[in-house]
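K.L.:
Numbering follows this note's numbering, in which position 90 of the sequence shown is assigned residue number 73; successive positions increment by one, without gaps.
I am attaching a structure below and will ask some questions about it afterwards.
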Amino acid sequence: MVSVGVVGAGVGASCFVRALSRRALRAQVNSKGLPLRLVVYEIGRGPSGRLATRSSREFADAVFDHGTPAFHLNVDDEDEACGSSRFSSIVHDAIEEGALKEWNCSFGVVDAVAKSIRTVDPATQPQMLRGSPRMSNFCAKLLDCAHESCSVECKYGNLINRTAWNESKRKWSLGSNNIDDEHDYLIVTSALVGHAARWRSLFGNDAIAPLRAGNYDELSSTLDEIDAQETQPVIATMCVLSAPAAATLEHDLYHIENHPMIRKVVVDRQSGAVVVHSTHEFARMHPDIRAKKSVISKYAGQSDAESEGTVASAMLHAFADAFSLPAALVEPQWGPFAHRWGAAFPSSNGLSQTFHPTMNVAFAGDFAAQCDASNYVQTAGQSGCDAADEIFGLITST
């Protein structure tokens, strides 16, 4: 049995698991005496990372895809030649399996200065894809890929805070408050376990990121690159509007121009669910807010709860003003609640080295690969597929 530990359960990790499971099935690894055991560790309550979905008990029909509301595929002849069609293949399979669907949304552009709204011809926009019935189902379906040659276990609610590489045994030990596991290979799809500065800022102590705590010389340059990465944070504010307020919004997706605070609004007119996305600049001005019910707050402690409400209210008022909606009409039935994505949209060119075969470790995700600024989902997913190729090659060569 060959065991692989996967840190994170976002699209990079999910594509890694699906791609490695496929490779195992095609190559009939089991017949070689090498069945695979994949264990996924995720701090959240479920899979998906920034493809997360939040729901409301009070409004069962309201779904908030508050990280990445939709994505599209970039495929051309060059992509096919260099192999990035592997992610495309995974996407098309997810569509056939019902985990993704085409989002035939209507687009609008709001000029916050001119107070004008113009409709955008959908034919000029790329075809958008959404998880079905919610965005998080995409990653959940990808992880549902076990077969006789490959088992998949997901351990949610676990913050990996200990790592150790045993050179003599050639195994990785991973630990949290609840687990102490050992694996032959390690896949890191979350930059947090290697990012010392962010680890300290979140958890407020002198502990450094788990991978750095091991003082691994071979990984030092890779970890330095992770620590030097800059991100473009976003705050997503969620609420449920009344039916009259939702009825005034004609489009599913709005891009906001010339506004210092908000840049995108996603609307479900049927349920009244609205997600307002901040500008990167506004999110940088509020680095410490954490949602009261977020998993980060569970481990790091709740920061000023009032600040979350203050920021959420400010964004909701900015939304009402940009759309020239009367304040009385924008009294939400639920919310507003804010969630800050602090590690969103890495602005680097990825890592110089994503695979360290002598230590049985690989890195995957949008932070690891050279990002296509127009499609972080595809970048992360393809990175996971590439890591699966590397690890599978290493497994079958030993």
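We put the CB at the ideal spot given by N, CA and C, even for glycine.
Any idea what DSSP makes of Gly(-7), helix, strand or coil?
P.N.:
coil
K.L.:
Does the Cβ of Gly(-7) have 16 or more other Cβ atoms within 10 Å, making it buried, or fewer, making it exposed?
P.N.:
buried
K.L.:
Can you tell me which of Ile245, Val249, Val22 puts its alpha carbon nearest to the alpha carbon of Ala229?
P.N.:
The residue with the shortest Cα to Cα distance from Ala229 is Val249.
K.L.:
For Ile73, which residues in the same chain have their Cβ closer than 8 Å to its Cβ, ignoring the five residues on either side in sequence?
P.N.:
Residues Cys(-2), Arg1, Ala2, Leu125, Gly364, Cys368 of the same chain have their beta carbon placed closer than 8 Å to that of Ile73, with the five preceding and five following residues left out of the count.
K.L.:
Does the distance from the CB of Tyr139 to the CB of Gly32 come in under 8 Å?
P.N.:
no
K.L.:
Does the distance from the CB of Ile245 to the CB of Phe328 come in under 8 Å?
P.N.:
no
K.L.:
Which value, in whole angstroms, describes the spacing of the CA atoms of Cys128 and Phe121?
P.N.:
The alpha-carbon of Cys128 is positioned some 12 Å away from that of Phe121.
K.L.:
In this structure, what does DSSP give as the bridge partners for Ile245?
P.N.:
Ser261
K.L.:
Where do the N-terminal and C-terminal ends of the alpha helix (DSSP H) with Ser392 fall, by residue?
P.N.:
Look at the range of the chain in this structure, -16 to 381, and you will see that residue 392 is not part of it.
K.L.:
Within its chain, find whatever has a CB closer than 6 Å to the CB of Arg101; leave out the 5 residues flanking it on each side and keep chain order.
P.N.:
The answer, listed in chain order, is Val92.
K.L.:
Apart from the five residues on each side of it in sequence, which residues of its chain come closer than 6 Å, Cβ to Cβ, to His49?
P.N.:
The beta carbon of His49 lies closer than 6 Å to those of Arg37, Ala219, Met221, Val258, His322 in the same chain, with the five residues before and after it left out.
K.L.:
Out of curiosity, what's the CA-to-CA distance linking Gln11 and Ile78?
P.N.:
26 Å
K.L.:
To the nearest angstrom, how far is the alpha carbon of Arg153 from that of Asn343?
P.N.:
8 Å
K.L.:
Can you give me the Cβ contacts of Val22 inside the same chain, cut-off strictly under 6 Å, excluding the 5 residues immediately before and after it?
P.N.:
Gly(-12), Glu136
K.L.:
Report back the beta-carbon spacing between Leu299 and Val313 to the nearest angstrom; my notes put them in contact at under 8 Å.
P.N.:
7 Å
K.L.:
Could you give the distance in angstroms between the alpha-carbon of Ser254 and the alpha-carbon of Gln353?
P.N.:
It is roughly 38 Å from the alpha-carbon of Ser254 to the alpha-carbon of Gln353.
K.L.:
Below 8 Å on the Cβ atoms is my guess for Ala53 versus Trp86; work out the distance and round it to an integer in Å.
P.N.:
5 Å
K.L.:
So the candidates are Arg183, Lys98, Phe350; which of them puts its Cα closest to the Cα of Ile209?
P.N.:
Residue nearest to Ile209 within the set Arg183, Lys98, Phe350 is Phe350 (criterion: CA-CA distance).
K.L.:
Let me know if Ser39 comes out buried or exposed under the rule of 16 or more other beta-carbons within 10 Å of its beta-carbon.
P.N.:
buried
K.L.:
When DSSP builds the beta bridges, which residues end up paired with Ile239?
P.N.:
Val93
K.L.:
Can you give me the C-alpha to C-alpha distance between Trp155 and Tyr24, rounded to a whole angstrom?
P.N.:
14 Å
K.L.:
What residue range is occupied by the uninterrupted beta strand (DSSP E) comprising His178?
P.N.:
Element bounds for His178: n/a, residue is neither H nor E.
K.L.:
Using CA atoms only, rank isn't needed, just tell me which of Asp200, Ala256, Leu175, Pro309 is closest to Ala211.
P.N.:
Leu175
K.L.:
With distances taken from CA atoms, which of Val(-10), Arg181, Leu19 is nearest Leu377?
P.N.:
Leu19
K.L.:
Considering only residues of the same chain and omitting the five flanking positions on each side of Ala82, which have a CB-CB separation below 8 Å?
P.N.:
Gly114, Ser115, Asn120, Phe121, Ala123, Lys124, Leu125
K.L.:
Can you tell me which of Thr293, Thr362, Trp324 puts its alpha carbon nearest to the alpha carbon of His55?
P.N.:
Thr362
K.L.:
For Gln110, collect the residues of the same chain with a Cβ closer than 7 Å to its Cβ; drop the 5 residues on either side in sequence, then sort them by chain order.
P.N.:
His55, Glu85
K.L.:
Just verifying my parser: in three-state terms, what is the DSSP assignment at Ser(-14)?
P.N.:
strand
K.L.:
Alpha carbon to alpha carbon, what distance is there between Tyr168 and His269?
P.N.:
38 Å
K.L.:
What number of angstroms, rounded off, separates the C-alpha of Ser331 from the C-alpha of His166?
P.N.:
CA-to-CA, the gap between Ser331 and His166 works out to about 30 Å.
K.L.:
Measure from the alpha carbon of Ala43 to the alpha carbon of each residue in Arg117, Asn161, Pro193, then state which is nearest.
P.N.:
Arg117
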